[in-house]
Structure formats: C-alpha cells, structure tokens
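A.B. asks:
Residue numbers (the working numbering): 510 to 729.
1) Taking Cβ positions, are residue 580 and residue 601 nearer each other than 9 Å?
2) DSSP on residue 711, reduced to helix/strand/coil?
3) When you compare the segment 697–705 with the segment 515–523, are there three or more beta-carbon pairs, one atom per stretch, that lie closer than 8 Å?
4) Look at the alpha carbon of residue 544 and the alpha carbon of residue 535, and state the distance between them as a whole number of angstroms.
5) Less than 8 Å between the CB atoms is what I'm expecting for residue 619 and residue 637, so what's the real figure, rounded?
6) Could you name each continuous alpha helix (DSSP H) segment of 4 residues or more that falls completely within the segment 590–629, going from the start of the chain to the end?
7) The beta strand (DSSP E) that contains residue 545, what's its start and end?
8) In the DSSP output, what is residue 581 paired with across the bridge?
9) Pull up the distance between the alpha-carbon of residue 557 and that of residue 687, whole angstroms please.
As structure tokens, then:
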C-alpha cells in the first residue's frame with residue numbers, strides 16, 4: 510500500500526479537541542508551501558469557528574483500508590473571501606484503522622435490496638431515505654411492514670444505490686450493523702463492506718460540497 514501524502518485539494522476531517530469548540534469539521538487543503546498548510550476554516554451556523562492561534566488540532570484522512578492522522582497546530586489565520594487556517598506542517602503521521610468517519614445528517618434517496626450470503630438478490634429494489642451518510646456507511650429508514658418477510662438483523666447483507674451525482678448506478682455491497690427504533694418503524698445502520706476508494710472519495714467530496722452549501726445558506 511502506498512504511503513499517504515498531503516496534497517492540495519484533499520478533503521479531510523479537522524478534529525478540534527478544545528472544550529469550547531470541540532468537534533469534527535470537514536475541511537480542504539488550499540495550499541502547501543514554506544512549511545505551512547493552508548486549509549479552509551470551519552463554519553457553524555454560517556459563522557467561522559473562532560479557533561485561536563497556537564491551538565492544537567488534528568487532520569484525519571480516510572483511505573480504503575485505513576486512515577491517517579496528523580497532529581499540528583494553528584499558526585495563523587487569513588480572513589479573505591474564503592477564510593483559511595494556516596497550520597504548521599506536521600512532522601509525524603499515524604496510520605490507524607478507523608471505523609468512524611465524518612457523518613453528516615442528510616435526507617437523500619437511496620435504493621436497496623437484500624442479499625443472501627452468496628450476494629444474490631432476495632428482494633426487488635426498493636426506495637427509502639437516508640438519515641445520515643459518511644464515507645464508511647449510512648443510516649436509513651427501513652420499512653419493516655413492506656419487508657416483513659425478510660428478517661433484518663445485524664450482519665444482513667444489502668446492495669445500495671446512493672442517489673448522489675455520478676454514483677446513481679454504482680452498487681455498494683453493505684452490511685447491517687445496527688437497528689434503531691423510530692416513532693413509526695425502524696432505521697438501520699449500514700456499513701459499506703465492498704466499496705472502491707474512488708467511490709468513497711466521491712461520497713466524501715459530495716458531503717463536503719453539501720455541507721458547504723448548507724453553511725452558505727445559514728442552515729449549519
């Protein structure tokens with residue numbers, strides 16, 4: 510497996526552990542030069558999160574089989590048309606196995622069908638709505654009435670077709686990892702188990718663009 514390298518235009522998860530602004534934010538590398546990295550500043554409710562200079566932060570990048578963590582700190586800020594944080598170039602990186610990915614609440618159409626252990630379809634394609642999406646999986650509404658003849662449990666295999674640009678016809682083999690009760694029905698947590706890194710990056714990029722749109726509209 511090739512080593513991860515920091516590059517311009519990479520999307521990543523900016524992790525802030527400070528008690529005042531603790532959270533995970535989507536960001537993107539804007540420039541790398543002079544031992545510094547410029548990244549897009551995080552927003553909340555349409556406002557730039559006021560992260561202070563010298564605050565320690567972490568950069569998480571997801572890959573197909575692992576993720577990479579970089580510890581750094583904020584050394585400057587640029588409040589132009591696109592607000593940026595200037596980070597010190599990290600000396601060390603850590604390769605980690607991660608199950609968690611940035612997760613965003615998104616109501617988007619998704620088609621699914623249940624599979625047997627040989628990955629053969631046992632139901633017709635059906636339509637439902639996502640509750641949230643990440644690069645590693647999603648949560649979606651499940652109509653247990655329509656699917657009452659098919660047991661839904663942890664480990665159940667499914668084929669998903671996320672209805673987001675350029676991926677509408679891309680099949681993603683997935684597995685049920687959680688079942689949740691809703692006021693009217695249930696929701697299921699899904700983990701992507703067979704997904705190309707290209708497809709995962711497309712999902713993460715789409716989430717980044719979707720979050721940016723929400724911020725511009727003052728809805729996040």
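We treat Cβ as the ideally placed atom computed from N, Cα and C, and that holds for glycine.
C.D. replies: So, to answer that:
1) As a first step, residue 580 must be located in the chain shown, where it is residue number 71. As a first step, residue 601 must be located in the chain shown, where it is residue number 92. Yes. Within cutoff.
2) Within the chain shown, residue 711 is the residue found at index 202, counting from 1. In the structure shown, residue 711 falls within a helical segment according to DSSP collapsed to helix, strand and coil.
3) At 8 Å Cβ cutoff, the stretches do not touch.
4) For the purposes of this step, residue 544 is taken as residue 35 along the chain shown, with counting starting at 1. For the purposes of this step, residue 535 is taken as residue 26 along the chain shown, with counting starting at 1. Going by C-alpha positions, residue 544 is about 22 Å away from residue 535.
5) Position 110 of the chain shown holds residue 619. Position 128 of the chain shown holds residue 637. Right, the Cβ-Cβ distance comes to about 6 Å (below 8 Å), so this counts as a contact.
6) Taking only runs of at least 4 residues, no alpha helix (DSSP H) segment lies wholly in the segment 590–629.
7) Position 36 of the chain shown, counting from 1, holds the residue named residue 545. Here the beta strand (DSSP E) through residue 545 covers 545–549.
8) The residue you call residue 581 lines up with position 72 of the chain shown. Under the DSSP definition of a beta bridge, residue 581 partners with 566.
9) Here the question's residue 557 lines up with position 48 in the chain shown. Here the question's residue 687 lines up with position 178 in the chain shown. Residue 687 has its alpha-carbon roughly 34 Å from the corresponding atom of residue 557.
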